[in-house]
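**Student:** I have a structure here, written as structure tokens, and I will follow up with some questions on it.
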Amino acid sequence: MTAVRPPSQPRAQVIALRGAAVRVGGRTLWSGVELDVGAGEFVAVLGPNGVGKSTLLQVLLGVLPIAGGEVRVLGAEPGKSGHRVGYLPQRRSFDASLRMRGADIVRLGWDGDRWGIPLPWGADRAAARQRVAEVVELVGATAYAHRPVGQCSGGEQQRLLIAQALVRRPELLLLDEPLDSLDLPNQAAVAALIGRICREEGVTVVMVAHDVNPILSRLDRVVYLAEGGAVAGRPADVITTATLSRLYGTPIEVLRTSDGRLVVVGRPEAPAQHGDRHADVSRTPNGAR
Numbered sequence: 544m545t546a547v548r549p550p551s552q553p554r555a556q557v558i559a560l561r562g563a564a565v566r567v568g569g570r571t572l573w574s575g576v577e578l579d580v581g582a583g584e585f586v587a588v589l590g591p592n593g594v595g596k597s598t599l600l601q602v603l604l605g606v607l608p609i610a611g612g613e614v615r616v617l618g619a620e621p622g623k624s625g626h627r628v629g630y631l632p633q634r635r636s637f638d639a640s641l642r643m644r645g646a647d648i649v650r651l652g653w654d655g656d657r658w659g660i661p662l663p664w665g666a667d668r669a670a671a672r673q674r675v676a677e678v679v680e681l682v683g684a685t686a687y688a689h690r691p692v693g694q695c696s697g698g699e700q701q702r703l704l705i706a707q708a709l710v711r712r713p714e715l716l717l718l719d720e721p722l723d724s725l726d727l728p729n730q731a732a733v734a735a736l737i738g739r740i741c742r743e744e745g746v747t748v749v750m751v752a753h754d755v756n757p758i759l760s761r762l763d764r765v766v767y768l769a770e771g772g773a774v775a776g777r778p779a780d781v782i783t784t785a786t787l788s789r790l791y792g793t794p795i796e797v798l799r800t801s802d803g804r805l806v807v808v809g810r811p812e813a814p815a816q817h818g819d820r821h822a823d824v825s826r827t828p829n830g831a832r
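According to this note's numbering, the sequence shown is numbered sequentially starting from 544.
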């Protein structure tokens with residue numbers, strides 16, 4: 544199991560939220576959020592369905608304005624440093640009949656500011672080809688990068704999409720549930736890949752997740768959203784009975800299994816759980832198990 548990195552010198556600030564609030568459809572999803580994320584940190588955003596986890600990524604991207612407070616991303620207002628940010632939205636599947644090669648999917652990330660249309664000449668073409676090859680190797684996808692993407696497995700497709708988000712060398716990588724719909728072996732493999740990219744490439748990672756366990760040993764901090772509030776800090780300080788009970792205003796129990804996995808149980812909703820899989824106290828939730 545990969546150990547959490549020990550404290551070192553202070554890291555340059557990549558994300559800062561001060562009393563941040565967001566409203567969607569006239570409803571306040573969360574408010575008073577305080578968060579600092581340093582360069583090269585791996586941060587998970589947790590919480591039940593509907594609390595605004597993906598909305599937080601939209602705020603960081605500058606797609607959704609805040610309703611209060613302040614947000615800074617890479618020292619500027621959200622959306623002002625887009626070329627320095629990589630983004631992977633919630634998992635989309637490719638039709639099995641799609642003939643586009645995996646490497647072409649990655650290349651779309653390089654040409655995004657031209658609506659994905661590559662230039663057929665010049666140094667840019669050579670640089671793009673070299674960078675695509677580099678990032679495909681980085682994510683371990685060289686063996687199938689020239690295969691039609693529709694013929695790749697779910698885990699292989701996810702690696703290619705992560706490569707697409709990395710191709711322009713972002714300093715910040717925003718991932719929206721990249722482990723969703725993957726089987727357990729692929730979850731573990733993709734989680735290990737993301738942790739290695741964060742550690743070895745120095746990329747700051749903010750990842751929305753409904754199950755913290757595949758990435759728990761690699762995290763520097765977590766952000767837990769619930770019922771309009773939020774708490775951020777080291778996993779050992781946040782994912783606790785006392786902290787989550789205070790955040791939810793109701794008894795929540797955090798248990799650790801013999802193999803080190805976390806299980807969060809309680810009412811009215813088990814906290815890190817998809818809406819269609821909510822459990823009560825008699826069942827173990829999927830969210831932080």
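Even for Gly, the Cβ is constructed at its ideal location relative to N, Cα and C.
Between residue 791 and residue 755, what straight-line distance do the alpha-carbon atoms span, to the nearest angstrom?
**Tutor:** Between residue 791 and residue 755, the C-alpha separation is close to 18 Å.
**Student:** For residue 621, does the three-state DSSP call read helix, strand or coil?
**Tutor:** If DSSP states are grouped into helix, strand and coil, residue 621 belongs with coil.
**Student:** Run through the stretch 564–641 for me and flag every whole beta strand (DSSP E) of 3 or more residues, listed as ranges in chain order.
**Tutor:** Segments of the beta strand (DSSP E) lying fully in the stretch 564–641: 570–581, 585–589, 611–616, 628–631.
**Student:** Are the Cβ atoms of residue 627 and residue 714 separated by less than 8 Å?
**Tutor:** Yes.
**Student:** Could you pull the DSSP bridge partners for residue 558 from this structure?
**Tutor:** In DSSP, residue 558 forms a bridge with 580, 616.
**Student:** Tell me whether residue 688 sits in a helix, a strand or coil according to DSSP, three-state version.
**Tutor:** Here residue 688 sits in coil by DSSP.
**Student:** Helix, strand or coil for residue 752? Go by DSSP, reduced to three states.
**Tutor:** Coil.
**Student:** Beta carbon of residue 587, beta carbon of residue 575: below 8 Å?
**Tutor:** Contact flag unset, no.
**Student:** Take residue 747 as the anchor and find which of 582, 641, 555 has the nearest alpha-carbon.
**Tutor:** Nearest option by C-alpha distance: 582.
**Student:** Let me know the secondary structure DSSP gives residue 716 once reduced to three states.
**Tutor:** Strand.
**Student:** So, at 6 Å on beta carbons, what are the nonlocal neighbours of residue 729 in its own chain, with the 5 sequence-adjacent residues on each side left out?
**Tutor:** Correct list, in chain order: 698.
**Student:** Is the separation between the beta-carbon of residue 631 and that of residue 624 shorter than 8 Å?
**Tutor:** Their beta carbons are not under 8 Å apart, which means residue 631 does not touch residue 624 by this criterion.
**Student:** Report yes if the C-beta distance between residue 600 and residue 780 is below 8 Å; otherwise report no.
**Tutor:** Going by C-beta atoms, residue 600 is not nearer than 8 Å to residue 780.
**Student:** Report the rounded CA-to-CA distance for residue 578 versus residue 561, giving the unit in angstroms.
**Tutor:** Using only the alpha carbons, I get a separation of about 7 Å.
**Student:** Assuming residue 614 contacts residue 602 (C-beta within less than 8 Å), just tell me the rounded distance between them.
**Tutor:** Between residue 602 and residue 614 the Cβ distance is about 6 Å, and since that is below 8 Å, they are a contact.
**Student:** Give, in chain order, every unbroken run of the beta strand (DSSP E) that is at least 3 residues long and sits entirely within the stretch 739–788.
**Tutor:** For the stretch 739–788, whole beta strand (DSSP E) runs of length 3 or above, ordered along the chain, are 747–751, 764–769, 772–776.
**Student:** Can you have a look at residue 677 and say buried or exposed, based on whether 16 or more other CB atoms are within 10 angstroms of its CB?
**Tutor:** The residue in question, residue 677, is exposed, as its Cβ has fewer than 16 Cβ neighbours within 10 Å.
**Student:** Report the rounded CA-to-CA distance for residue 675 versus residue 742, giving the unit in angstroms.
**Tutor:** The alpha-carbon atoms of residue 675 and residue 742 are separated by roughly 21 Å.
**Student:** Give the straight-line distance between the Cα atoms of residue 731 and residue 667, rounded to the nearest whole angstrom.
**Tutor:** Cα to Cα, residue 731 sits roughly 35 Å from residue 667.
**Student:** Could you tell me how far apart the beta carbons of residue 695 and residue 703 are, in whole angstroms, since I believe they sit closer than 8 Å?
**Tutor:** Confirmed, about 7 Å.
**Student:** From what residue to what residue does the beta strand (DSSP E) around residue 809 run?
**Tutor:** Unbroken beta strand (DSSP E) run through residue 809: 805–809.
**Student:** Looking at the structure shown, is residue 675 part of a helix, part of a strand, or coil, going by DSSP?
**Tutor:** Correct three-state label for residue 675: helix.
**Student:** Between the beta-carbon of residue 584 and the beta-carbon of residue 764, is there less than 8 Å?
**Tutor:** For residue 584 and residue 764, yes; Cβs fall inside 8 Å.
**Student:** How many angstroms separate the CA atom of residue 693 from the CA atom of residue 725?
**Tutor:** Distance between the alpha carbons of residue 693 and residue 725 is about 16 Å.
**Student:** Please name the residue or residues paired with residue 668 in a DSSP beta bridge.
**Tutor:** Residue 668 is not bridged to any residue.
**Student:** Measuring CA to CA, which of 723, 558, 647, 774 is closest to residue 706?
**Tutor:** When each option's Cα is compared against that of residue 706, the closest is 647.
**Student:** With a threshold of 8 Å on Cβ separation, who are the neighbours of residue 644 within its own chain once the five nearest residues in sequence on each side are excluded?
**Tutor:** Result list for residue 644: 688, 689, 690, 691, 692, in chain order.
**Student:** In the structure shown, what three-state DSSP assignment does residue 798 receive?
**Tutor:** Reduced to three states, the DSSP call for residue 798 is strand.
**Student:** Is it buried or exposed, residue 793, if we count other Cβ atoms within 10 angstroms and call 16 or more buried?
**Tutor:** It counts as exposed.
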